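Asker: Under numbering that gives the first Met the number 0, the letters of the sequence shown match residues 0 to 252, in that order.
From the three backbone atoms N, C-alpha and C, an ideal C-beta is built for every residue, glycine too.
The model shown is predicted, which means the values in this text are computed figures rather than measured ones.
Pasting a structure below so you can have a look.
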Amino acid sequence: MEPNSTIDNVLRVALVTGSTSGIGAAIARALSRAGYAVVLHSRSSADTGRAMAAEMKQAVYVQADLALEADRVRLINEAIAEWGQLDVLVNNAGISKVIAHDDLTSATSAVWRELNEVNVVAPFHLIALAEPALREAARYRRAGSVVNISSHAGVRPKGASIPYAVSKAALNHMTRLLAVSLGPDIRVNAVAPGLVDTPLTAEWTDAQALWRTRAPMRRSASPDDIAKAVAMLIDSDYLTGEILLSDGGLNLT
Ligand code: NAD
Numbered sequence: 000m001e002p003n004s005t006i007d008n009v010l011r012v013a014l015v016t017g018s019t020s021g022i023g024a025a026i027a028r029a030l031s032r033a034g035y036a037v038v039l040h041s042r043s044s045a046d047t048g049r050a051m052a053a054e055m056k057q058a059v060y061v062q063a064d065l066a067l068e069a070d071r072v073r074l075i076n077e078a079i080a081e082w083g084q085l086d087v088l089v090n091n092a093g094i095s096k097v098i099a100h101d102d103l104t105s106a107t108s109a110v111w112r113e114l115n116e117v118n119v120v121a122p123f124h125l126i127a128l129a130e131p132a133l134r135e136a137a138r139y140r141r142a143g144s145v146v147n148i149s150s151h152a153g154v155r156p157k158g159a160s161i162p163y164a165v166s167k168a169a170l171n172h173m174t175r176l177l178a179v180s181l182g183p184d185i186r187v188n189a190v191a192p193g194l195v196d197t198p199l200t201a202e203w204t205d206a207q208a209l210w211r212t213r214a215p216m217r218r219s220a221s222p223d224d225i226a227k228a229v230a231m232l233i234d235s236d237y238l239t240g241e242i243l244l245s246d247g248g249l250n251l252t
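Here you go:
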């Protein structure tokens with residue numbers, strides 16, 4: 000299921016952060032297929048971003064380091080400037096660190112700050128910067144929509160490291176808090192994936208075996224599986240404050 004942006008022949012614009020690889024690239028492609036004009040973004044990989052934009056019907060690429068406030072401001076300004084509007088913001092960009100949960104000394108203050116800045120502060124700041132444009136979407140077209148990509152690690156006591164899991168738990172709570180503050184003009188939801196096959200997880204053989212043997216769906220997710228969940232939330236006019244756990248049912252076992 001892909002969100003229908005063209006049902007009324009009205010242009011809708013979506014910004015997907017971290018969209019030159021993995022889950023973000025699948026989300027950007029799904030939204031483009033559904034008729035959205037797409038703003039692609041990444042921290043580096045500018046050549047890939049421009050090549051992807053050239054393949055899509057209506058798309059541009061913007062490079063920005065989301066750890067830097069000035070880059071966040073420029074990203075939102077450039078995203079809105081291209082078509083004069085913004086309807087959808089997908090906060091997909093994120094970083095992880097693998098640290099055993101019982102290795103407390105390796106989870107340094109620097110690691111906590113780095114993950115918090117990119118996984119929590121940056122999404123909040125981008126939403127704040129995009130708020131006026133997303134409210135305008137509600138006025139002239141349809142409620143603005145924010146989807147944050149968190150993780151099952153933010154819901155259960157699991158994940159690559161404690162600082163990573165806590166950053167995603169914070170993102171989930173932020174999602175609910177902002178759903179209350181920004182409705183009805185802007186809906187705010189999250190998708191919390193379990194294991195997804197991306198370059199990031201290519202070597203995570205233990206996790207892959209766990210999903211194959213224990214998860215009711217008997218496999219990890221593809222990036223397209225997660226893109227479908229994102230598209231469903233964008234298209235569901237009545238859903239807000241939801242954290243959609245997309246882990247093939249592993250949490251039930
Ligand atoms: P990925 O490494 O392919 O994508 C991450 C993206 O984030 C990249 O495009 C990168 O440019 C961007 N990014 C990272 N730091 C940035 C910064 N400082 N400034 C700008 N952009 C930055 O990984 P992925 O697996 O596709 O992950 C996408 C999202 O999904 C992340 O938020 C991740 O935490 C989440 N997630 C992934 C999995 C998984 O199994 N792969 C599971 C749960 C959640």
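Cutting at 6 Å between CB atoms, please list the residues of its own chain near Ala80, excluding the five before and the five after it.
Answerer: In the sequence shown, the residue the question calls residue 80 occupies position 81. Same-chain partners within the cutoff: there are none.
Asker: Between which residues of its own chain and Leu10 is the CB-CB distance below 7 Å, once the five residues before and five after are set aside?
Answerer: Locating residue 10 in the sequence shown gives position 11, where the first residue counts as 1. Taken in chain order, the residues that qualify are Ala36 and Trp82.
Asker: Please list the terminal residues of the continuous alpha helix (DSSP H) segment that includes Ile26.
Answerer: Here the question's residue 26 lines up with position 27 in the sequence shown. Per DSSP, Ile26 belongs to the alpha helix (DSSP H) from Gly21 to Arg32.
Asker: With respect to 7 Å, is the separation between the Cβ of Asp247 and the closest non-hydrogen atom of the ligand NAD below this value?
Answerer: Position 248 of the sequence shown holds residue 247. The question names Asp, but residue 247 in the sequence shown is Gly. Not under cutoff, so the answer is no.
Asker: Tell me the DSSP secondary structure of Asn254 in three-state form.
Answerer: The structure shown has nothing for residue 254, since the chain only spans 0 to 252.
Asker: If you follow the alpha helix (DSSP H) that Val119 is part of, which residue opens it and which one closes it?
Answerer: The count along the sequence shown starts at 1 and reaches residue 119 at position 120. No alpha helix (DSSP H) holds Val119; DSSP gives it neither H nor E.
Asker: Terminal residues of the continuous beta strand (DSSP E) containing Tyr163?
Answerer: Counting from 1 along the sequence shown, the entry for residue 163 is found at position 164. Premise fails: Tyr163 lies in the alpha helix (DSSP H), Ile161 to Leu181, not in any beta strand (DSSP E).
Asker: Hey, would you say Ala191 sits closer than 8 Å to Ile26, going by beta carbons?
Answerer: Position 192 of the sequence shown, counting from 1, holds the residue named residue 191. Position 27 of the sequence shown, counting from 1, holds the residue named residue 26. Going by C-beta atoms, Ala191 is not nearer than 8 Å to Ile26.
Asker: Kindly identify the DSSP beta-bridge partner or partners of Ile242.
Answerer: Translated into the one-based positions of the sequence shown, residue 242 becomes position 243. In the DSSP output, where bridge partners are listed per residue, Ile242 has Ala189.
Asker: Of the residues Gln62, Gly153 and Ile161, which one's Cα is nearest the Cα of Ala106?
Answerer: In the sequence shown, residue 106 corresponds to position 107, counting from 1. Comparing Cα positions, the closest option is Ile161.
Asker: What is the DSSP secondary structure of His124, reduced to helix, strand or coil?
Answerer: Counted from its first residue, the sequence shown places residue 124 at position 125. In the structure shown, His124 sits in a helix (DSSP, three-state: H, G or I).
Asker: Does the distance from the C-beta atom of Leu30 to that of Ala13 stay below 8 Å?
Answerer: Here residue 30 refers to the residue found at position 31 of the sequence shown. Here residue 13 refers to the residue found at position 14 of the sequence shown. Yes.
Asker: Between which two residues does the alpha helix (DSSP H) carrying Val72 extend?
Answerer: If you number the sequence shown from 1, residue 72 lands on position 73. Counting along the chain, the alpha helix (DSSP H) containing Val72 begins and ends at Glu68 to Trp82.
Asker: Mark Tyr237 as exposed unless 16 or more other C-beta atoms lie within 10 angstroms of its C-beta, in which case mark it buried.
Answerer: If you number the sequence shown from 1, residue 237 lands on position 238. Exposed, since its Cβ has fewer than 16 Cβ neighbours within 10 Å.
Asker: What residue does the alpha helix (DSSP H) around Gln207 start on, and which one ends it?
Answerer: Start at 1 with the first residue of the sequence shown, and residue 207 comes out as number 208. From DSSP, the alpha helix (DSSP H) with Gln207 extends over Thr204 to Arg213.
Asker: In this structure, what does DSSP give as the bridge partners for Ile225?
Answerer: To locate residue 225, count along the sequence shown from 1; it is residue 226. According to DSSP, Ile225 bridges with nothing at all.
Asker: Please report the distance separating the alpha-carbon of Leu199 from that of Ile22.
Answerer: The residue given as residue 199 occupies position 200 in the sequence shown. The residue given as residue 22 occupies position 23 in the sequence shown. Near 10 Å, if we compare the C-alpha coordinates of Ile22 and Leu199.
Asker: Near Ala77, which residues of its chain fall below 7 Å by C-beta distance, leaving aside the five closest residues on each side in sequence?
Answerer: Within the sequence shown, residue 77 is the residue found at index 78, counting from 1. In the sequence under discussion, the amino acid at residue 77 is Glu, which differs from the Ala named in the question. For Glu77, where only same-chain residues beyond five positions count, the Cβ hits under 7 Å are Val61.
Asker: To which residues of the same chain is Val110 closer than 8 Å at the C-beta, ignoring the five residues directly before and after it?
Answerer: Stepping through the sequence shown from its first residue, residue 110 is reached at position 111. Taken in chain order, the residues that qualify are Lys96, Ile98, Ser160 and Pro162.
Asker: Within the same chain, show all residues whose beta-carbon is closer than 8 Å to that of Thr252, passing over the 5 residues directly before and after it, in chain order.
Answerer: Sequence index remark: in the sequence shown, residue 252 carries index 253 (1-based). Excluding positions up to five away in sequence, the list reads Arg213, Ala214 and Pro215.
Asker: Can you look up Ser105 in the DSSP assignment and give me helix, strand or coil?
Answerer: Taking the sequence shown and counting its residues from 1, one reaches residue 105 at position 106. Ser105: helix per DSSP, three-state reduction.
Asker: Run through DSSP, which three-state label would Ser149 get?
Answerer: Position 150 of the sequence shown, counted from the start, is the residue given in the question as residue 149. It is coil, neither helix nor strand.
Asker: Can you give me the Cβ contacts of Asn118 inside the same chain, cut-off strictly under 7 Å, excluding the 5 residues immediately before and after it?
Answerer: Translated into positions along the sequence shown, residue 118 becomes position 119. Within the same chain, Asn118 has close Cβ partners Gly93, Ile94, Ser166, Lys167 and Leu170.
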